[in-house]
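Throughout, the working numbering is defined as the position within the sequence shown, counted from one, plus 6. Below is one structure, written out as structure tokens, with a few remarks after it.
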Amino acid sequence: MSNGIYMDFSDLVKGANAFTTLSKEIEDGIDDILTANAIEIEAGAKQRAPVDNGTLRESISTNKTERLVKAINVNVDYAAYMEFGTGVYAAQYVGSLPEDWKAEAAKFRGEGLRQVNITPRPYLYPAYEAQRKQDRKSTRLNSSHSSVSRMPSSA
């Protein structure tokens, strides 16, 4: 027997390792959900995009390369003008959007340019909204069938 105090922390280390593994699994699951949602938004935007020669629709893609960050890209110069419209039409439509979308639309205001009134033909925001509503519906459905129970409150 040795002199001094011996403490075995191996169970604590095992617990910490298990937590790290669980945390990574949760993060992987969230990344998978974000990817699936981004792909659905892309598909919805392509379905809703106005078509002349198909360039706008073909330019819509999802960037899935960064972990936990997904982006739907529309790579034609006129994409925002189709989404938000221009002139008086843009002012009417953009006013109905949430603040973060208004801020994005403001980048394409075009002050000082000639006045052209193009009617908005939204495709990206409606696709985003449709997926957001579907995701909320799925979350409610999943949570109502969850096996997790709440602890009774002690009052």
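Glycine residues also receive a C-beta, built at the ideal position from the N, C-alpha and C atoms. Note that this is a predicted model, so its numbers are computed, not measured.
Where L74 and G91 are concerned, what is the direct C-alpha to C-alpha distance, given to the nearest angstrom?
As a working note, residue 74 is residue 68 in the sequence shown. As a working note, residue 91 is residue 85 in the sequence shown. Between L74 and G91, the C-alpha separation is close to 31 Å.
Comparing alpha-carbon positions, which option in K52, T71, K70 lies nearest E64?
Taking the sequence shown and counting its residues from 1, the one referred to as residue 64 is at position 58. When each option's Cα is compared against that of E64, the closest is K52.
Check R156 in the structure and name its three-state DSSP category.
Within the sequence shown, the letter at position 150 stands for residue 156. Reliability of the predicted coordinates at R156 is poor, the pLDDT of 34 falling under 50, and no value is obtained from them.
Per DSSP, N79 is paired with what?
Translated into positions along the sequence shown, residue 79 becomes position 73. Beta-bridge pairing links N79 to S67.
Just the C-alpha distance for L62 and R138, rounded to the nearest angstrom, thanks.
Mapped onto the sequence shown, residue 62 falls at position 56. Mapped onto the sequence shown, residue 138 falls at position 132. One C-alpha to the other measures close to 23 Å.
Taking the continuous alpha helix (DSSP H) assigned at S102, which residues delimit it?
Taking the first residue of the sequence shown as position 1, residue 102 is located at position 96. Unbroken run through S102: none, as it is neither H nor E.
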